[in-house]
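Chains as they are written, first to last, in the numbering used here: chain H, 5 to 472; chain P, 5 to 144.
Virtual Cβ for every residue (Gly too), placed ideally from N, Cα, C.
Keep in mind the model is a prediction, meaning the values are calculated, not measured.
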Amino acid sequence: MPAEDLTDAAIRQCQDEQLIAAPADELTGVLTRAAFKQALTLYDETTSCQYLIVVDLDYFQRVNDGFGHDTGDRVLQLAAKRIRRLVGNAGVVGRSSGDEFAVFFPDPDADISAYAESIQDKLARPYTAEGNAVAITVSAGVATTAEARANYDDLIQAAHIALHEAETKRNKGVVFDPAMLDRAKFTTALEQDLRATLAYERTQIRQAAALEQFSLRFQPILRNDRRDITAFEALLRWEHPERGHVSPADFVPLAEELGLINQIGAWVLHTACNHAAGWQPNAAGNAPSVCVNVSPYQLREGNAFLATVRDALAASGLPANRLTIEVTENAFVHDSSGILTGLREMGVSLAIDDFGTGYSSLSHILRFPFTTIKIDKYFIHALRPEAEEDGINSGSAAWLVRAIGALGAGLGIATVAEGVETSTELSIVEAAGITHTQGFLYGRPMTADNVTERLAALSEDITTAATH
Amino acid sequence: MTDSLYSLAYFSCNAIEGDDETIQAEVNRILEVAREKNAALNITGALLFTQGYFAQILEGDRDELEELFEVIGEDDRHSDVVVIHYHKIDERSFGHWSMKYAHDPDLLTRENDAPVASEPGFGTHFLSVLRDYIARNEAI
């Protein structure tokens, strides 16, 4: 009979002091989750830097499904034994959830990376259980009391965060760093807000405009030969009551991950079309179009996405030829030619956004029915002499812009230079044969009201000019 | 003790460091311990060691095998353990051997290794499979 290890000692202490009724997990014999938490409080919290390792048996449900629960249970028993044999008197072992174990190391001098590595190595070795041979992989996360501020709840949470980081990256153990916690907390809070906001938007009881958290800004796009506004690009803004302005760079990827992007996207389409339907004609007598950015996730919705576009047009009364859908090159990783053709058949224009920064962009030009190429601002900013300081050859950038201008002219489609801020940039862009310009030179993104005012002022200018 | 006879075979990489002599001495120790332990547990089998790889076949009561395999699997003298087969058998193929040892696979094809070559049925076949398996791994 082996001597009592640290886990046995913790179980005995829980029993002796009547802290937890049943401290030992029935199946594996290690501490239950509740007892483990209790046991952690028995150790000196002031010690400088203690460690917690959380280890998860990946896809364990597949073992249960494939071999049956008896085999799954046996593997869990064996895994617990392997951990205990390995850590012995160095660590307290608990079963933190069905297929997950936690090990706390009270000694700050424990060689934690060696333990983490050995635990992963030993647990990933094959098992024979109930007549089956079972192979599994494991993920581990490590947290220290120093970083998790010595609060044991935080410690367990921190190790979980490191573990999930390891799982998403599919690499083996990841050591927790505090930035992960901030990121995880931010993501969780944002998710709740996002869901709440969307639920609110859906109820359509928006009595006060001030309560609307989502809004659109519009940035003008001008035609170079006539210098008149031909379109506005709709840009999504999220103004949170407490958080303030939340950048789309933060919440769009999250919304994509959570599967909420389609709801947000539908809201943007409807709202943008509604605004655009009320815009007055420009100097040439044409009302500006509206350009709406679409995520690859929306395109993957296939016919449901086409239906959303059709609904937005029908509800707003906006003619299809005044809507442009902007997609980035990276949206084409999945087969999307059907949906893009579907949009063109509806009469909607199609722009390839951030051209040149994605991959295999030129082949997309051949395969998909684009009506506009939008040159990423990276290439426009590369035209500046100061770009040379960043190792960019601005002379080459000018050739690149000319080449895209020639490409657009040859194909008979529009080209838009994004991010134009100075008249020098505008002259280079114009000389290169680029047909349209967007950027701070012509205006920053503005509210829907400002758009109406600007269009009204333009139309007044025309009227005034005509009467003199 | 369940009344079920199982056969278990695995393949692994040698993790014993040192020159050939040191490694062979350690393998001999493994065999010595295995023979003693297996005899007590009524486990029979064969061990193949060549060019840095182990292959072992074990036969015996299921629960005893599973317990033994836990100990073998955790042994740091090898790594990358892969189970090749694990299934029920009707009779033993290595009935006379608490742990038959094959060091040079070429020996298996020679007449002077009659004990192995004459093993009936599966055992011989299995060792040739292992031999091929190891040869393939050496090629990679």
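Inset, instruction - Answer yes or no: do VAL294 (chain H) and CYS277 (chain H) have a C-beta to C-beta separation smaller than 8 Å? - result: yes
Legend entry - Start-to-end residues for the beta strand (DSSP E) that takes in ASP232 (chain H): 232 to 244
Legend entry - Cross-chain neighbours of TYR57 (chain P) in chain H, by beta carbon under 9 Å: What TYR57 (chain P) touches in chain H: nothing, since even the nearest Cβ is about 16 Å away.
Inset, instruction - Answer with buried or exposed for GLU95 (chain P), where buried requires no fewer than 16 other C-beta atoms within 10 angstroms of its C-beta. - result: exposed
Inset, instruction - For my contact list, ILE116 (chain H) and VAL91 (chain H) are in at a C-beta cut-off of 8 Å; report their separation, rounded to the angstrom. - result: With a Cβ gap of about 11 Å, ILE116 (chain H) and VAL91 (chain H) do not count as contacting.
Inset, instruction - Output yes if chain H places a C-beta closer than 8 Å to the C-beta of GLY99 (chain P); else output no. - result: no
Legend entry - Buried or exposed by the 16-neighbour rule on C-beta atoms within 10 Å, applied to THR207 (chain H): The predicted model places THR207 (chain H) with a pLDDT of 46, which falls under 50 and marks its position as unreliable, so this point remains unresolved.
Inset, instruction - Sort H:PHE40, H:PRO130 and H:ALA106 by Cα distance to ASP79 (chain P) and report the nearest one. - result: H:PRO130
Legend entry - Minimum Cβ-Cβ distance from ARG96 (chain P) to chain H less than 8 Å: no
Inset, instruction - Could you confirm whether any beta carbon from chain P is found closer than 8 Å to the beta carbon of ALA355 (chain H)? - result: no
Inset, instruction - Say whether chain H places a C-beta atom closer than 8 Å to the C-beta of LEU52 (chain P). - result: no
Inset, instruction - Tell whether a beta-carbon distance below 8 Å holds between ALA133 (chain H) and GLU70 (chain P). - result: yes
Legend entry - Proximal chain H residues relative to GLY49 (chain P), where beta-carbon distance stays under 8 Å: Per Cβ cutoff of 8 Å: no residues; GLY49 (chain P) is ~14 Å from chain H at best.
Inset, instruction - Could you tell me the distance, in whole angstroms, from the CA atom of ILE160 (chain H) to the CA atom of VAL58 (chain H)? - result: 8 Å
Legend entry - Own chain partners of THR332 (chain H) with C-beta closer than 7 Å, once the 5 adjacent residues on each side are dropped: ASP357, ASP358 and GLY362
Legend entry - Sequence-distant residues of the same chain with beta carbon closer than 8 Å to LEU226 (chain H), five excluded per side: ASP232, ILE233, THR234, HIS440, THR441, GLN442 and TYR446
Inset, instruction - For GLN302 (chain H), I'd like the list of residues in its chain whose CB is within less than 7 Å of its CB, leaving aside the five on either flank, ordered along the chain. - result: ILE265, ASN266, GLY269 and PHE309
Legend entry - C-beta atoms of GLU63 (chain P) and SER16 (chain P) nearer than 8 Å: no
Inset, instruction - Whole angstroms is fine: what's the gap from LEU215 (chain H)'s alpha carbon to MET450 (chain H)'s? - result: Legend: pLDDT at LEU215 (chain H) = 43, less than 50; position of this residue unreliable, no value from coordinates given.
Legend entry - 8 Å Cβ shell around SER398 (chain H) - same chain, five flanking residues per side excluded: ALA386, LEU387, ARG388, PRO389, ALA391 and GLU392
Inset, instruction - For ARG66 (chain P), decide whether its Cβ has a neighbour in chain H, counting only Cβ atoms nearer than 8 Å. - result: yes
Inset, instruction - Taking ILE377 (chain H) and VAL405 (chain H) to be in contact with their CB atoms under 8 Å, please state how far apart those CB atoms are, rounded to whole angstroms. - result: Not really, about 11 Å apart at Cβ, beyond 8 Å.
Inset, instruction - Return the bridge partner residues of TYR57 (chain P) from the DSSP annotation. - result: P:CYS17 and P:THR54
Legend entry - Residue-chain proximity (GLY135 (chain H), chain P), Cβ-Cβ < 8 Å: yes
Legend entry - LEU82 (chain H): contacting residues in chain P (beta-carbon distance under 7 Å): GLU74
Legend entry - Sequence-distant residues of its chain with Cβ nearer than 8 Å to PRO46 (chain P) (five each side left out): First, the residue type needs correcting, since residue 46 (chain P) is Asn and not Pro in the sequence shown. Excluding residues within five positions, the ones whose Cβ falls inside 8 Å are GLY64, ASP65 and GLU68.
Legend entry - beta strand (DSSP E) segment containing PRO224 (chain H), residue limits: 218 to 227
Inset, instruction - Please state whether DSSP places THR149 (chain H) in a helix, a strand or coil. - result: coil
Inset, instruction - Could you tell me which uninterrupted beta strand (DSSP E) segments, each at least 3 residues in length, are contained entirely in the region 409 to 448 of chain H, listed from first to last along the chain? - result: 418 to 421 and 440 to 442
Inset, instruction - Leaving out five residues on either side along the sequence, give the residues of the same chain with a beta carbon under 8 Å from the beta carbon of SER353 (chain H). - result: SER293, ASN325, LEU327, THR328, ILE329, THR375 and THR376
Inset, instruction - Mind listing the chain H neighbours of GLY77 (chain P)? Cutoff is C-beta to C-beta under 7 Å, in chain order. - result: ARG129 and PRO130
Inset, instruction - Please report the residue range of the alpha helix (DSSP H) in which HIS274 (chain H) lies. - result: 265 to 281
Inset, instruction - Could you have a look at LEU3 (chain P) and say whether DSSP puts it in helix, strand or coil? - result: Chain P is shown from 5 up to 144; residue 3 (chain P) falls before or after that span and cannot be answered.
Inset, instruction - Starting from the Cα of GLY135 (chain H), find the closest Cα among H:THR456, H:VAL250 and H:ARG78 and give me that residue. - result: H:ARG78
Inset, instruction - With 9 Å as the C-beta to C-beta threshold (strictly closer), list the residues of the region 75 to 101 of chain H near chain P in chain order. - result: ARG78, LEU82, LYS85, ARG86, ARG89 and LEU90
Inset, instruction - Determine the burial state of GLU21 (chain P): buried for a count of at least 16 other Cβ atoms within 10 Å of its Cβ, exposed for fewer. - result: exposed
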